[in-house]
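Report on the structure given below.
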Amino acid sequence: NAGVTQTPKFRILKIGQSMTLQCTQDMNHNYMYWYRQDPGMGLKLIYYSVGAGITDKGEVPNGYNVSRSTTEDFPLRLELAAPSQTSVYFCASKGGSGQPQHFGDGTRLSIL
Amino acid sequence: DAKTTQPNSMESNEEEPVHLPCNHSTISGTDYIHWYRQLPSQGPEYVIHGLTSNVNNRMASLAIAEDRKSSTLILHRATLRDAAVYYCILRPDSNYQLIWGAGTKLIIKP
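One line per chain: the protein sequences are A and B, in this order. Note that the numbering used here numbers the first sequence so that position 24 is 24, with each residue one more than the last. Count along the second sequence starting at 1, add 1000, and that's the number in the numbering used here.
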């Protein structure tokens, strides 16, 4: 079972560059989430979506954008990369209220 | 949002039970208590969750205090593969978000 798939696994960007972190899930889940995790810390929610066409901001949305055109895909866009965005990014999905979140293996992003 | 407090780290011996505590003194009546764990270099993994009653599944047990101000995750027989960071998280029933703390790093000694 693929579950939640994130690409790429690693990336190095220069300051000011842009990129899209890809996330896709094959469980037909309505809820999807993007988190970032800084070293030694818990996860912080960037954006989330409760279904195709619906997205909302989480705790730390500045510098990021998302879209949800299909149930399966929830890409995260960084428009002008900054060193403060160096982190590990996790995508997650959830089937419904009360169900657990399923996580991808993460994208390790360094901005130099 | 209600917050949780966990010890930074705990050690346990292999094949012994482990009790991981979590304090959530400001929990509201509709907050669910979730536990996830994160193995090194992996994404978090769901362990268990509950509202008021104690819960059991194949991975662990969750003991919730009667006043719900604290809970304990119980691993009945720890193995080396249980070494991970364990997160105790509250999820409001009316909210889609999980508020994550720093978790407890569990070290299993062979």
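Beta carbons are placed, not taken as given, at the ideal position from N, Cα and C, and that holds for glycine.
What does a CB cutoff of less than 7 Å around E1066/B pick up in its chain, not counting 5 residues either side in sequence? Closer than 7 Å at Cβ, skipping near neighbours: no residue.
Taking the continuous beta strand (DSSP E) assigned at F10/A, which residues delimit it? 10-13 is the extent of the beta strand (DSSP E) around F10/A.
Rounded to a whole number of angstroms, what is the C-alpha to C-alpha distance between A82/A and I15/A? Their backbone Cα atoms lie some 5 Å apart in a straight line.
Within the region 35-102 of chain A, ranges of the beta strand (DSSP E) (whole runs, at least 3 residues): List check, beta strand (DSSP E) in window: 43-51, 54-57, 64-66, 76-78, 87-94.
Partners in chain B for G58/A, counting only beta-carbon separations shorter than 8 Å: Near G58/A (Cβ distances below 8 Å), the residues of chain B are Q1097.
Closer than 8 Å, Cβ to Cβ, to anything on chain A: give me those residues from the region 1043-1065 of chain B, in chain order. Under the 8 Å Cβ criterion, the region 1043-1065 of chain B contributes G1043, P1044, E1045, Y1046, H1049.
The beta strand (DSSP E) with M19/A in it runs from where to where? If you look at M19/A, you'll find it in the beta strand (DSSP E) that goes 19-25.
Cβ contact (3+ pairs, closer than 8 Å) linking the region 70-82 of chain A and the region 17-24 of chain A: The answer is yes - the region 17-24 of chain A touches the region 70-82 of chain A, with three or more Cβ pairs under 8 Å.
Between P61/A and chain B, is any beta-carbon pair separated by less than 8 Å? Not flagged as an interface residue toward chain B: P61/A, since no C-beta distance is shorter than 8 Å.
DSSP on R1077/B, reduced to helix/strand/coil? Reduced to three states, the DSSP call for R1077/B is coil.
Taking 8 Å as the cut-off, decide whether the C-beta atoms of Q101/A and Y1046/B are in contact. Taking 8 Å as the Cβ cut-off, Q101/A and Y1046/B qualify as a contacting pair.
Taking 8 Å as the threshold (beta carbon to beta carbon), is A1102/B in contact with chain A? Any Cβ of chain A closer than 8 Å to the Cβ of A1102/B would place that residue at the interface, and such an atom is present.
Would you kindly work out how many angstroms separate the C-alpha atoms of L1062/B and S84/A, rounded to a whole number? Per the coordinates, the alpha-carbon of L1062/B lies some 37 Å from the alpha-carbon of S84/A.
Cutoff 8 Å; reference V50/A; Cβ partners in own chain excluding five residues on either side: Closer than 8 Å at Cβ, skipping near neighbours: N30, Y31, D56.
H1019/B versus W1100/B, R1068/B, D1082/B, residue with shortest Cα-Cα distance: Its Cα nearest to that of H1019/B, the residue D1082/B stands out among W1100/B, R1068/B, D1082/B.
Among L43/A, Y89/A, L45/A, which one has its Cα closest to the Cα of M19/A? Of the listed residues, the one whose Cα sits closest to M19/A is Y89/A.
How about Y64/A: is its C-beta nearer than 8 Å to some C-beta of chain B? Chain B contact via Cβ: absent.
Let me know if I1048/B comes out buried or exposed under the rule of 16 or more other beta-carbons within 10 Å of its beta-carbon. With 16 or more other Cβ atoms within 10 Å, it is buried.
Where D1031/B sits in the DSSP three-state scheme: In this structure, D1031/B counts as strand in the three-state DSSP scheme.
Beta strand (DSSP E) segment containing A1063/B, residue limits: First-last of the beta strand (DSSP E) with A1063/B: 1061-1064.
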